[in-house]
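Remember, the working numbering sits 4 above the position in the sequence shown when you count from 1.
Using N, Cα and C, we set each Cβ at its ideal position, and we do this for glycine too.
Please read all numbers here as calculations on a predicted model, not as lab measurements.
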Amino acid sequence: MQSPLSHGTRPPFLALCTRAILLKIYVMKKSIPKVLFALVGVLLIASGIQPEDHFTWALEVSWVGAGMMILGVYHHKNGAITWFLGMSLFLHALILIYGGWYTYEKVPLGNWIQEWFQFDRNHYDRIGHFAQGFFPAMLAREVLIQNKVVPRRGWREFMVFALMMAFTALFEILEFGAAKAFGDGADAYLGSQGDIWDAQWDMVMCCLGCVVNISLFARRHEGRIECLHQQENQTLIH
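Here you go:
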């Protein structure tokens, strides 16, 4: 009698279990970004309850709201995103919501760092701008790979860097516009804390965040995207 495992065949029960496990893993990994997306929505709404300053809060967290809408449209048109990207954007949203609720210059974590290291200002905004270059770089990379915009890794990472620098420059221009439009009412949003080089430092921190992401996580992120493609293909085949 021929072994049921010979010539690459499998018993029906084993094949069924394999398909079920693959489908379960695929569904679980697809659901992670959705759960995080919903959690961010809840936290975003909750942060609007008695923030330090409602106007500043609205300006700060508007980026989270805009990002959620863009991500929702992207997910609808392109399907699943990696849990790697989902977790990255979740962490970035937490940083923005936390800063928006307190206003950046009054964030307790920044005050603690200021006291511990004897800084002359609250540097939580520097953390925020480092995150501005670090986490959105994941989104830029995944969009470029998923849409096959730039096939070669070197040019793709250069494009990621260029996009992040363009984004931080646009952010500073919008901050400038808000300061001009709202005057003293936008001081907390501007958050310069008397530093005349605040805009330049913001861009430097964004640059550093992007460089760290490219240096340490680019290959790992590419691997996660490849795994997502393989899981999608295996699910379709089975």
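Exposure label - residue i; buried when at least 16 CB within 10 Å
i      : result
Phe4   : Since the first residue of the chain shown is 5 and the last is 242, residue 4 is not available in this structure.
Arg223 : exposed
Trp61  : buried
Ile29  : In this prediction, Ile29 has a pLDDT of 41, which is less than 50 and means its spatial position is unreliable; nothing more can be read from the coordinates.
His80  : exposed
Gly198 : exposed
Arg145 : buried
Phe17  : Residue confidence for Phe17 is low, a pLDDT of 44 falling below 50, so the modelled location carries little weight; the figure read from the coordinates is stated next. When all chains shown are included, Phe17 counts as exposed.
Gly132 : buried
Leu143 : buried
Glu109 : buried
Phe94  : buried
Arg130 : buried
Leu162 : With the sequence shown as reference, residue 162 is identified as Phe, and Leu is not the correct amino acid for it. Result: exposed.
Trp105 : buried
Element boundaries [alpha helix (DSSP H), containing residue i]
i      : result
Ala70  : 58-82
Gly90  : 87-106
Gly52  : Segment: none, Gly52 is in no alpha helix (DSSP H) and carries neither H nor E.
Gln118 : 112-121
Worksheet item: For the segment 127-198, which segments carrying the alpha helix (DSSP H) assignment without a break, of at least 4 residues, lie completely within its bounds, in sequence order?
Response: 128-150, 157-186, 191-194, all fully within the segment 127-198.
Worksheet entry | Touch test, the segment 116-128 against the segment 168-181, Cβ-Cβ under 8 angstroms, three pairs minimum | No: the two stretches stay apart, fewer than three of their Cβ pairs being nearer than 8 angstroms.
Item to complete: Assess, as a yes-or-no matter, whether the segment 200-218 is touched by the segment 72-90 under the definition of 3 or more beta carbon pairs within less than 8 angstroms.
Response: Contact fails: fewer than three Cβ-Cβ distances are below 8 angstroms.
Worksheet item: Are the segment 147-160 and the segment 168-175 in contact at 8 angstroms, needing three or more beta carbon pairs?
Response: Under the Cβ criterion (8 angstroms, minimum of three pairs), the segment 147-160 does not count as touching the segment 168-175.
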